[in-house]
Amino acid sequence: MDFLQDLSPVVKALLAGIFTWSFTALGAASVFLIKEINRKFLDTMLGFAAGVMIAASYWSLLSPAIEMSSVKEVPIWLPATVGFLLGGLFLRGIDELFPHLQYGRLSKDAEGIKTSWQRSTLLVLAVTLHNIPEGLAIGVAFGAVAVGSASANLAGALALTIGIGIQNFPEGLVISLPLRREGMACSKSFIYGQASAIVEPIAAVVGAGSVILVESILPYALAFAAGAMIFVVIEDIIPESQRGGNASLATMGAMIGFVVMMILDVSFG
Numbered sequence: 000m001d002f003l004q005d006l007s008p009v010v011k012a013l014l015a016g017i018f019t020w021s022f023t024a025l026g027a028a029s030v031f032l033i034k035e036i037n038r039k040f041l042d043t044m045l046g047f048a049a050g051v052m053i054a055a056s057y058w059s060l061l062s063p064a065i066e067m068s069s070v071k072e073v074p075i076w077l078p079a080t081v082g083f084l085l086g087g088l089f090l091r092g093i094d095e096l097f098p099h100l101q102y103g104r105l106s107k108d109a110e111g112i113k114t115s116w117q118r119s120t121l122l123v124l125a126v127t128l129h130n131i132p133e134g135l136a137i138g139v140a141f142g143a144v145a146v147g148s149a150s151a152n153l154a155g156a157l158a159l160t161i162g163i164g165i166q167n168f169p170e171g172l173v174i175s176l177p178l179r180r181e182g183m184a185c186s187k188s189f190i191y192g193q194a195s196a197i198v199e200p201i202a203a204v205v206g207a208g209s210v211i212l213v214e215s216i217l218p219y220a221l222a223f224a225a226g227a228m229i230f231v232v233i234e235d236i237i238p239e240s241q242r243g244g245n246a247s248l249a250t251m252g253a254m255i256g257f258v259v260m261m262i263l264d265v266s267f268g
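Just so it is clear: in the sequence shown, position 207 is 206 by numbering that gives the first Met the number 0, and no numbers are missing.
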């Protein structure tokens with residue numbers, strides 16, 4: 000961890016974003032080894048991802064945002080509330096604007112502006128759009144460390160990065176394996192799968208740079224990332240994990256994911 004101390008916060012955020020992207024790429028690389036994935040395993044992993052994101056939203060984002068607000072001349076709950084709701088509205092706006100298709104849905108069920116884009120492109124866009132808040136969360140966490148917030152430290156930012164990286168693995172699977180099953184070549188399926196997370200390093204840099212330039216928005220930015228992540232969990236990940244008839248497994252996966260992220264954050268944060 001010592002070598003990280005000498006790096007600029009933006010570079011730290013960039014490296015963290017690349018780290019989380021690599022887990023998506025690792026999941027996408029599974030297409031070279033398997034063509035089908037057990038639905039029970041997939042639903043459990045989706046539940047796990049939801050649990051990680053829910054825990055990260057509170058322990059790594061909302062809780063620090065509320066603590067930071069205690070020294071401001073506004074009600075302690077205001078920055079977290081405003082940021083959280085704006086994060087959800089931001090993702091809602093993206094869903095309405097950009098064409099995308101959730102895993103397991105028919106092409107006619109694509110969301111956003113109507114387009115003639117291929118099914119594969121719409122699938123990748125669905126995951127790409129929802130990776131934005133994860134990248135922002137990482138960037139804001141490293142930005143908080145840079146501005147010297149008492150509620151943030153490097154170990155906590157690294158714990159958040161590790162947690163998001165772990166839950167990125169099934170996202171690579173969700174993209175690459177369906178494409179392979181539909182007849183796309185393994186190499187192309189992998190490229191599409193890993194590409195869905197390219198936005199994370201970019202969003203991480205934007206998040207870190209924003210809070211460094213305007214320190215006063217930090218609690219709002221933390222809550223914004225939390226709201227965007229919770230929106231993704233409730234809108235997409237949890238419903239998808241329940242569609243295969245494995246609700247109990249998905250729920251237990253979510254419980255385990257929550258605990259894993261909580262342990263990471265409490266132990267290192």
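Quick reminder that beta carbons are idealized off the backbone N, C-alpha and C, glycines included.
- Residue ranges of uninterrupted alpha helix (DSSP H) with 4 or more members, entirely inside the segment 162-219 and ordered along the chain, are 185-194 and 198-212.
- Per the Cβ contact rule, the segment 44-64 is not in contact with the segment 190-206 (fewer than 3 Cβ pairs under 8 Å).
- Burial of Q166 is indicated by the presence of at least 16 other C-beta atoms within 10 angstroms of its C-beta.
- Within the same chain, L176 come within 8 Å of I33 by CB-CB distance, once the 5 residues on both sides are set aside.
- Contact annotation, G155 with A136: C-beta distance approximately 12 Å; criterion of less than 8 Å not satisfied.
- Nearest to M183 by C-alpha distance, out of I163, S209, S240 and T120, is T120.
- A straight line joining the alpha-carbon of K113 with that of V123 spans about 16 Å.
- The beta-bridge partner set that DSSP reports for E95 is empty.
- When the five nearest sequence neighbours on each side are left out, the beta carbons in the same chain lying within less than 7 Å of the beta carbon of Y191 are those of S119, V123, I174, S175 and L178, in order along the chain.
- Between L217 and K39, the C-beta gap is not smaller than 8 Å, which leaves the two residues out of contact.
- Ranked by Cα distance from E170, the options A15, K11, L14 and S29 are led by S29.
- With fewer than 16 other Cβ atoms inside 10 Å of its own Cβ, M254 counts as exposed.
- When C-alpha distances from F31 are compared across R180, M52 and V81, the shortest belongs to R180.
- Annotation: the continuous alpha helix (DSSP H) that includes F40 extends over R38 to A54.
- Contact between F267 and L90 is ruled out by a C-beta separation of about 27 Å, above the 8 Å threshold.
- With contacts defined by Cβ atoms closer than 8 Å, M52 and V232 form a contacting pair.
- Judged by DSSP in its simplified three-state form, E72 adopts coil rather than helix or strand.
- Note that the C-beta distance between M260 and G82 is not below 8 Å.
- Approximately 6 Å separates the beta-carbon atoms of G86 and A224; this is inside 8 Å, confirming the contact.
- When the Cα atoms are used, F22 and V213 turn out to be separated by approximately 31 Å.
- The Cβ atoms of G142 and I211 sit closer than 8 Å to each other.
- One thing to note: L128 has its Cβ within 8 Å of the Cβ of I93.
- Contact annotation, L61 with A79: C-beta distance approximately 6 Å; criterion of less than 8 Å satisfied.
- Taking 8 Å as the cut-off, the beta carbon of A158 is found closer than this to the beta carbon of L263.
- Within the same chain, and ignoring the five residues on either side of T250 in sequence, the residues whose Cβ sits closer than 8 Å to its Cβ are G46.
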